[in-house]
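Going letter by letter, the sequence shown gives residues 1 to 507 in the UniProt record's numbering.
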Amino acid sequence: MRIDTSLAILASLGGAAAFWRMECRGQVGLARIDPLINPGAVSSHAHAIHGSSGFNEAATYEDLINGDCTSCAVAQDKSAYWAPTLYFRHDNGTYEAVQQVGGMLAYYFLNKDLKDTNKKITAFPNNFRMIAGDSTRRNYSVAGLDYTQPDPPKSDWGNLGQTNQHDLAQRALGFNCLDYSGAAEPSLFRHYLPDKAFLDANCKDGVRFELSFPSCWNGKDTSSPDHKSHVAYPDTVLNGNCPEGFDVKLPGLFFETIWATNAFVGVPGEFVISNGDVLGFGYHGDFISGWDADFLQAAVEQCTASSGMVQDCPLFTILNEDEQRKCKMPTPPMIASEKLAGVIGDALPGGVAIQYGPGPAIGNPAPSLAIAAAAPSEAASADAPSVDAPSVDAPAPTSAEEFTGLPGGVFQEAPTSTPEVNAQAEPSPEPTPTPTPTPSDPPVPAGYELLRTDYVTNGNVVSKIVVIETVEYVMLATETVTVTATFGAENARRELHHLHRHNHRSH
Ligand SMILES: *[C@@H]1O[C@H](CO)[C@@H](O)[C@H](O)[C@H]1NC(C)=O
Ligand SMILES: *[C@@H]1O[C@H](CO)[C@@H](O)[C@H](O)[C@H]1NC(C)=O
């Protein structure tokens with residue numbers, strides 16, 4: 001029996017697909033601090049940090065807005081965006097950082113609550129905070145499904161009972177295999193980090209970590225004890241209906257980072273996220289809004305260009321890539337001395353142990369080492385490793401003995417040479433764009449219905465994917481039509497290609 005919600009989706013999608021993507025070309029820091037989970041202390045694992053230079057281990061809203069720069073593209077965005085980093089464990093037990101490519105992207109999807117599309121999108125209030133994902137999770141538990149299999153169609157999730165918040169949170173993680181010569185995988189297509197053999201064989205341009213944050217809010221709390229319970233996912237993660245009690249629709253924040261796993265093709269070993277997670281179920285990210293809420297509200301209402309480019313929003317003051325990359329936070333000196341980039345030794349930063357699951361990770365409790373005494377130092381800031389020029393040669397700590405309780409060679413001797421870094425060119429997979437007008441949705445062919453609209457990013461190309469479905473009862477063929485916009489080019493390119501995916505369903 002086909003349960004058809006396609007028409008309802010079609011009816012309510014109109015005009016709801018605006019978004020912009022905040023480019024954060026620079027990493028403002030790479031450090032083992034996390035003001036949400038371990039305020040004022042060293043955090044258990046390493047994070048790549050993007051956004052305001054006012055970030056610190058106990059960052060307040062005031063700290064962020066008073067930061068003198070941001071590593072993101074819009075001067076008015078003093079938010080902090082951070083997530084774990086990726087390492088490679090060589091077969092001999094040595095860990096080496098995987099290079100993060102091109103900074104990070106934070107999408108702001110302006111999708112309405114489908115329950116009431118007249119309701120406006122509400123800006124994050126000042127000092128709004130949230131976490132997406134669960135660092136201790138080590139399994140996939142949606143409806144007992146095999147995590148290696150693709151999700152059922154989104155339109156079926158409700159009827160299959162897969163729209164509870166635990167399930168949606170697990171589907172909010174994506175590990176996208178990048179091969180710019182082929183068709184792009186949709187976002188949030190795969191919810192686990194593929195193993196090395198798969199990455200080696202298929203992902204010649206690396207892997208993209210994706211993380212969707214909840215975008216339905218209880219309308220009153222800027223945070224909550226777990227930094228999660230004040231928000232919820234709409235019923236298809238990026239889009240859909242907000243649950244009862246979370247009736248205020250926020251911008252849908254979506255992080256993307258790209259990791260050069262392809263630099264390790266043929267090298268024996270395995271990839272592991274800085275929190276000791278090999279399969280990726282414990283991937284997570286954190287956000288503190290450093291916007292002025294009134295300004296962000298105006299941007300949410302006015303910056304609805306279909307290009308998604310922040311450069312197309314007249315309200316934004318755009319910072320060039322150099323300015324973004326130059327912006328660094330002052331890292332507390334003792335943390336700055338920790339080696340997090342290049343070949344780092346025989347343990348993950350913080351001595352985090354790999355735990356494969358399926359039970360939740362234990363035994364990597366957050367260390368409660370206060371950083372209080374350490375005054376931020378400009379020198380440390382200048383030496384902070386960055387995306388584009390990793391510089392891990394921070395001076396040897398002057399007070400390492402204070403940290404002798406930390407396991408695992410946290411404070412290594414500074415290396416004598418800069419670690420070898422793989423080419424960091426921005427992926428520019430589009431050879432010869434054919435100039436055509438701004439992309440618009442292709443017509444829905446006769447006999448098909450619009451099922452949903454998604455976005456995927458492939459280097460500097462954002463594709464809008466319109467999924468259409470045949471109106472047949474015996475077998476449903478789902479066809480994906482892609483409209484591609486090349487960012488940074490004067491003209492957008494329109495391209496249609498058809499990925500034939502056949503979903504057999506009972507009737
Ligand atoms: C392990 O192998 C890596 C990569 O070849 C190398 O950089 C590292 O020095 C080796 N570690 C040891 C302890 O031999
Ligand atoms: C799967 O992970 C959840 C969340 O961490 C945990 O509660 C559950 O016990 C795990 N399942 C198994 C079989 O270990």
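All C-beta atoms in this analysis are idealised placements derived from N, C-alpha and C, irrespective of residue type, glycine included.
Exposure label - residue i; buried when at least 16 CB within 10 Å
| i | result |
| --- | --- |
| K228 | buried |
| D235 | buried |
| T85 | buried |
| P194 | buried |
| N422 | Its pLDDT being 30, under 50, N422 is placed unreliably in this model, and the value from its coordinates should be taken loosely. Looking at its Cβ environment, which holds fewer than 16 other Cβ atoms inside 10 Å, N422 is exposed. |
| I33 | buried |
| E62 | exposed |
| Q100 | buried |
| A18 | buried |
| H166 | exposed |
| D205 | buried |
| A46 | buried |
| D286 | buried |
| G182 | exposed |
| V461 | Any reading at V461 is ruled out, since the residue's pLDDT is 45, under 50, leaving its predicted position unreliable. |
| Q302 | exposed |
| A143 | exposed |
In DSSP terms, what residue i is bridged to
| i | result |
| --- | --- |
| H230 | Paired residue(s): none; H230 is not in a bridge. |
| D277 | I273 |
| R89 | Y95, E270 |
| L211 | L173, F255 |
| A106 | M22, F255 |
| R129 | I288 |
| W82 | I49, D286 |
| G29 | I49 |
| W217 | V231, V248 |
| M329 | The partner list for M329 (beta bridge, DSSP) is empty, contrary to what the question assumes. |
| T117 | T117 pairs with nothing; no bridge assigned. |
| T70 | S52 |
DSSP three-state assignment for residue i, whether helix, strand or coil
| i | result |
| --- | --- |
| V42 | coil |
| Q100 | strand |
| L64 | helix |
| T436 | Its pLDDT being 32, under 50, T436 is placed unreliably by the model, and nothing is read from it. |
| K249 | strand |
| S52 | strand |
| A341 | coil |
| V265 | coil |
| C303 | coil |
| P314 | coil |
| V456 | Summary for V456: the model assigns pLDDT 47, below 50, so the residue's position carries little reliability; its value from the coordinates is reported in the next sentence. Residue state, collapsed to three classes: strand. |
| A184 | coil |
| A389 | Model confidence at A389 stands at a pLDDT of 31, short of 50, so the residue's coordinates are unreliable; what they give is reported in the following sentence. DSSP places A389 in coil when its eight states are reduced to three. |
Closest Cα partner of residue i within the set the options
| i | options | result |
| --- | --- | --- |
| P150 | N126, R137, T163, P186 | P186 |
| D91 | Y180, G266, C72, N111 | G266 |
| M130 | T257, L296, L253 | L253 |
| M22 | G67, V74, F271, E62 | V74 |
| E210 | G133, D68, V142 | G133 |
| P332 | L30, F189, A305, R25 | L30 |
| F189 | A172, W20, D205 | A172 |
| T70 | R89, I49, Y87 | I49 |
| M329 | D68, G144, F246, N118 | D68 |
| Y107 | P125, Y140, L348, C72 | C72 |
| N275 | I362, M309, D205 | I362 |
| D277 | C24, A353, Q165 | A353 |
| T261 | P214, N164, C327, L178 | L178 |
| E96 | F287, N159, K339 | K339 |
| F281 | Y356, I318, G245 | Y356 |
| F264 | C313, N38, R208, Y87 | Y87 |
| D346 | A197, G93, C24 | G93 |
| G102 | Q27, G158, T163, T148 | Q27 |
| L110 | L199, V98, A123 | A123 |
| A197 | D113, E270, G342 | E270 |
| F128 | S337, S223, L168 | S223 |
| G51 | F246, A80, S44 | A80 |
| A58 | P243, N66, P39, S44 | P39 |
| P358 | G290, H284, L279 | L279 |
| R208 | Y180, N239, G290 | Y180 |
Any non-hydrogen atom of ligand 4 closer than 8 Å to residue i Cβ
| i | result |
| --- | --- |
| A48 | No copy of ligand 4 occurs in the structure displayed; its ligands are ligand 1 and ligand 2 alone. |
Got a list of residues with beta-carbon closer than 6 Å to any non-hydrogen atom of ligand 2, in chain order?
T136, R137, N139, S141, P358, G359, P360
For ligand 1, which residues count as neighbours when the test is a C-beta closer than 7 Å to any heavy atom?
H90, N92, G93, T94, E96, V343, D346
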